[in-house]
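Participant: Sending over a structure as structure tokens; questions will come in a sec.
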Amino acid sequence: MKIAIGSDHGGLTLKTVVLALLQELGYEGEDVGCFAADSVDYPQYADLVCEKVAKGQADKGILICGTGIGMSMAANKHATIRAALCSEQYTARMSREHNDANVLCMGERVTGPGIAEEIVRTWLSTPFAGGRHLRRINLFN
Ligand code: RB5
0 MKIAIGSDHG
10 GLTLKTVVLA
20 LLQELGYEGE
30 DVGCFAADSV
40 DYPQYADLVC
50 EKVAKGQADK
60 GILICGTGIG
70 MSMAANKHAT
80 IRAALCSEQY
90 TARMSREHND
100 ANVLCMGERV
110 TGPGIAEEIV
120 RTWLSTPFAG
130 GRHLRRINLF
140 N
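Reminder that position 103 of the sequence shown reads as 102 in the numbering used here, one-by-one numbering, no gaps.
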């Protein structure tokens with residue numbers, strides 16, 4: 000499974016942690032940037048990841064900025080993207096089970112690396128429950 004991952008400068012360090020975890024778990028992680036600590040604009044990286052997911056060039060996406068808020072706002076502007084901002088495991092699981100989230104957002108200044116790893120493990124391994132939840136996400140837009 001291919002995971003597109005992007006961050007701004009505020010999420011760069013946590014992104015390296017998540018990339019290492021993806022490799023350990025056997026996922027193919029594609030890093031779209033940023034690649035340095037210089038200040039950049041997070042919507043550009045949200046768009047790169049979301050376009051890959053929307054076009055089927057990646058199965059899911061992960062976006063990390065300082066809080067995760069800007070990334071989730073930018074990602075949810077894309078019609079077929081359901082981005083979930085998660086800072087603990089429960090919402091990570093429910094965002095997959097009930098919302099079929101296809102992009103996970105996290106904030107490096109909010110969520111430490113250990114919790115972030117738990118979130119990613121849970122989010123990637125939890126299937127969508129379908130049924131009434133499919134009806135509900137089909138009501139979006
Ligand atoms: C960058 O300073 C910060 O605004 C960004 O990483 C993010 O937290 C925005 O939502």
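Cβ atoms here follow ideal geometry from the backbone N, Cα and C, with glycine treated the same way.
Taking LEU84 and ILE61 to be in contact with their CB atoms under 8 Å, please state how far apart those CB atoms are, rounded to whole angstroms.
Facilitator: That pair is no contact at about 12 Å.
Participant: Using the beta-carbon count (16 or more within 10 Å), is SER94 buried or exposed?
Facilitator: buried
Participant: Terminal residues of the continuous beta strand (DSSP E) containing MET105?
Facilitator: 102–106
Participant: For ILE61, which residues does DSSP report across the bridge?
Facilitator: ILE4, LEU103
Participant: Give me the Cα-Cα distance between LYS54 and ILE114, rounded to the nearest whole angstrom.
Facilitator: 30 Å
Participant: What number of angstroms, rounded off, separates the C-alpha of ARG92 from the C-alpha of GLY129?
Facilitator: 14 Å
Participant: Please return the same chain residues whose Cβ sits closer than 7 Å to the Cβ of ILE80, not counting the five positions on each side in sequence.
Facilitator: CYS49, VAL52, ALA53, ALA74, ASN101, VAL102
Participant: I'd like to confirm the pairing. Which residues does DSSP put opposite LEU84 in its beta bridges?
Facilitator: CYS104
Participant: Beta-carbon separation of VAL17 and VAL119 under 9 Å?
Facilitator: At the C-beta level, VAL17 and VAL119 come within 9 Å of one another.
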